[in-house]
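Let me begin by presenting the structure, written as structure tokens, before commenting on it.
Chains as they are written, first to last, in my numbering: chain A, 6 to 492; chain B, 6 to 492.
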């Protein structure tokens, strides 16, 4: 098993190698499953994901979303109603045509996303303005037949996400929902998980299939590439018309509803957490999602009474577990050093060392994973220590992540400069003729000339007025956009 | 929407009608999804299921299980290694042959259960006795192409369950695991959810495909039919051999591992909770899984200051929600009576009525859903009241359920008597020649002669010695078994 794996990759030197080797060495996932693009989420991934789900649940509940579960399969006829949507997703659908030996009456697809499954039902549920707003989310696996190279947690053919699908009587409310979704993202991704990001309004040519506009949160990975994290889409009436989601308004007329959807991909957020916070010793997690929050390690000296120490450790584990803290006790026969190594690799938030001296002095020796800082505290102070710890850890992680993020914002006023800046990694601000369809040609030139630089869009929370010309075509610039290379 | 649905079915009169109409009226599920056998788990189902998952997680974590997530698909070649298993499950598998327009290199099936997916990986993970025991569970959807009539929550083509798959170095440990699984079942199903059941060792002809033996928990539904709830299986080495799960033992020899598996079907447990605890007013839940634990209803009189009452209610909801209590506030324009009706139907555990008088006297009027009991308490006593409430509710629910269960245990010493007793519903104890393969013929006679009476097995926790003859063939009875009609 993974116990004996040594991890000696350097994040600074080769991020990709560090990341994929860490996933293996720390036993986060196993990608040796015999179906390509499908991986096992081992304990670390499964628990961190479960806890991330809870963080989102909390925010979605607060903003009056209802949790439901929709089927994993979608009949072809239901899927086929919104034309842009089906054109975008059909190539990625896994199709089921048989149950046992029977041919099914209709081909069904594994959901790549659930607009069509959910909106089919919404049209039955919504009758009057009194039924609105309807705000629903589900925690779901989705499946996409990726033809690109798959990479564990970043691009699998099966992944875990949340999708929220909201319906409103007015355009205004729907547009406000998009802002609320961005706030939810900030509350979880940044405040709880310490992942900085920028929200961009995507250019016309890069919006969600079927949306009127899309905001995507771009997270910066340590290798300077960006990755899209939660995105939120204003669907307008693009789905309510084909899916017949109508309501009788207060004024007694029938109207089509306004819709939004929002989709944080939990597995991919986990990839960001690991990438951004981890170090050369292994995983580092924010306390709330740490699969192992505390590990207790008994320290025996020659003259120690091992049984006394063991009993003390067991008692301590019991007490902490009862408080709902995920606490491990390592009673294996390894040396303490090997145990430290093992649990640092797996990102246990703190290690408590207990030896005869500690028991005698009613003290605990605590080592924090995120800072490496060692501290001895009185046993009676443990509760207070643990109360303050989550905030201290996330503050430290945020600070480091913010520092890196800040250094990855550049500007360029010519294609040559853009190339140079892009090589540093991160975002490069430029003037572009347009973020509407008109600008697509220039964006394509950027992409081919810079070896993959993509126009990510205009900043969400900051009006930036272009003053000069498009750095590609030289026409009057109508948009200040950010370019980055992405996963 | 469902707001206006009136529910007037009688549980005593026609249980099935009561159950299926209640699922609709209380908005538990929606079965109008366009793929047969696939339903929407609406808010009530989704939250109750989520909370049931947490109850099982707690017990499985305590018994040192690790949570993981395995792929939803299984390649045909992996599925095909254990012959009894594949023969049992293949007719129920949904097969995927295409991704987009591409034919996949190998047919993959949607998991109907995950032995084969998991054991394929176990063979890679287990090397030495130090890697054992390995105890893993996942919370998963499974899919089965049911050809029988589907019924929401009871028999769907997609359902939610937990499956725990454990591996041991010795037979003894594996057999002890089966007992531990039964204890877990008791802790959750009976102690937390108030569902009485009997654990039967299934007869040879009714065990899990691939198991050496199976224990199944039989729950009694109000119509006298039984339904199998969590079952636990001793697999022996039936899977470790074809899946090559070997380990190097302390004695330096290589051995095949011993295995068990355990599978509580969450959706079906929900069906039992609803059936057993519900009444003619609607749903009743144990506090811990109640989707709506508290509903606050403002009561306005002619001279009330509505805004004061509303503000008070909002403040109260905020306070309770912050404590993690699922609290609704009904500010709709309906009359109080209509609100009571609505929330009783949906099983809100308590209703707090707040009017001017209550605010003035610093009192709260509380009505318990499970007892219908109305009580006025001082506001400052609310916390204490809520602390005691979960225990009081479950005690009451258990008491009622136990009473019904007790009345459903019968005996018979002839086929005629068996027929008569079976008509009363519940379990009938009889003498049978054998619970091994030899007895199957007599069991078949029972089934056809009694219009579906099934031999459920021998009691788990009680050695019952047969004294007479098999009530069918008249040979010496070797087993005391229980017969019941089932879903």
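Cβ atoms here follow ideal geometry from the backbone N, Cα and C, with glycine treated the same way.
- Annotation for residue 241 of chain B: the continuous beta strand (DSSP E) segment containing it runs 231-241.
- In this structure, DSSP gives residue 80 of chain A an extended state, which the three-state scheme calls strand.
- By the C-beta density criterion, residue 436 of chain A is buried, having at least 16 other C-beta atoms within 10 angstroms.
- A contact between stretches requires three or more CB pairs, one per stretch, nearer than 8 Å, and the stretch 167-180 of chain B meets this requirement with the stretch 267-274 of chain B.
- Residue 201 of chain B and residue 359 of chain B have their C-alpha atoms spaced approximately 37 Å apart.
- The beta carbon of residue 190 of chain B sits closer than 8 Å to the beta carbons of 202, 204, 222, 234, 235, 237, 269 from its chain, once the five residues preceding and following it are set aside; these are given in chain order.
- By the Cβ neighbour-count rule, residue 363 of chain B is buried, with 16 or more other Cβ atoms within 10 Å of its own.
- Residue 152 of chain B is classed as exposed because its beta carbon has fewer than 16 other beta carbons within 10 Å across all chains shown.
- Relative to the Cα of residue 482 of chain A, the nearest Cα in the group A:440, A:15, A:294, A:155 belongs to A:440.
- Contact annotation: the stretch 181-197 of chain B does not touch the stretch 298-314 of chain B, with fewer than three C-beta pairs closer than 8 Å.
- The distance from the Cβ of residue 26 of chain A to that of residue 214 of chain A is about 35 Å, inconsistent with a contact at the 8 Å cut-off.
- Rounded to whole angstroms, the Cβ separation of residue 432 of chain B and residue 417 of chain B is 10 Å, and the two are not in contact under 8 Å.
- By the Cβ-count criterion, residue 404 of chain B is exposed, with fewer than 16 other Cβ atoms from all chains shown falling within 10 Å of its own Cβ.
- Rounded to the nearest angstrom, the Cβ distance from residue 73 of chain B to residue 51 of chain A is 5 Å, consistent with a contact under 8 Å.
- Leaving aside the five residues that flank residue 378 of chain A on each side, the residues in its chain whose CB is nearer than 8 Å to its CB run, in chain order, 372.
- Between residue 105 of chain A and residue 97 of chain B, the C-beta spacing is below 8 Å.
- Under the three-state reduction of DSSP output, residue 162 of chain B falls in the coil class, being neither helix nor strand.
- Around the beta-carbon of residue 280 of chain B, 16 or more other beta-carbon atoms lie within 10 Å, marking it buried.
- In this structure residue 296 of chain A is not in contact with residue 31 of chain A, their Cβ atoms being roughly 10 Å apart against a cut-off of 8 Å.
- Note on residue 243 of chain B: 16 or more other CB atoms within 10 angstroms of its CB, so buried under the neighbour-count rule.
- When only Cα atoms are considered, residue 344 of chain B and residue 335 of chain B end up about 7 Å apart.
- For residue 300 of chain B, there are no C-beta contacts with chain A under 8 Å, since the nearest C-beta of that chain is about 15 Å from it.
- Closer than 8 Å at the C-beta level to chain A, one finds these residues of the stretch 84-97 of chain B: 95, 96, 97.
- Using a Cβ-Cβ cut-off of 9 Å, residue 170 of chain B is close to nothing in chain A; its nearest Cβ partner there is about 13 Å away.
- No Cβ of chain B is located within less than 8 Å of the beta carbon of residue 61 of chain A.
- Per DSSP, reduced to three states, the secondary structure at residue 388 of chain A is helical.
- Below 8 Å, too few C-beta pairs join the stretch 8-21 of chain B and the stretch 465-483 of chain A to call them touching: fewer than three.
- Look at the beta carbons and you see the stretch 132-147 of chain A touching the stretch 248-259 of chain A: at least three pairs across the two are nearer than 8 Å.
- Interface with chain A (8 Å Cβ-Cβ cutoff): residue 260 of chain B is excluded.
- Taking 8 Å as the cut-off, the beta carbon of residue 42 of chain B is found no closer than this to the beta carbon of residue 79 of chain B.
- Using beta-carbon distances, residue 351 of chain B does not count as an interface residue toward chain A, since no partner is under 8 Å.
- DSSP, reduced to helix, strand and coil, places residue 156 of chain A within a strand of the structure shown.
- Closest option to residue 422 of chain B, judged by alpha-carbon separation, among B:394, B:342, B:380, B:488: B:488.
- Taking CB atoms only, residue 45 of chain B has a neighbour in chain A less than 8 Å away.
- Within its own chain, no residue has a Cβ closer than 7 Å to the Cβ of residue 40 of chain B once the five positions on either side in sequence are excluded.
- When rounded, the separation of the alpha-carbon atoms in residue 62 of chain A and residue 55 of chain B is 11 Å.
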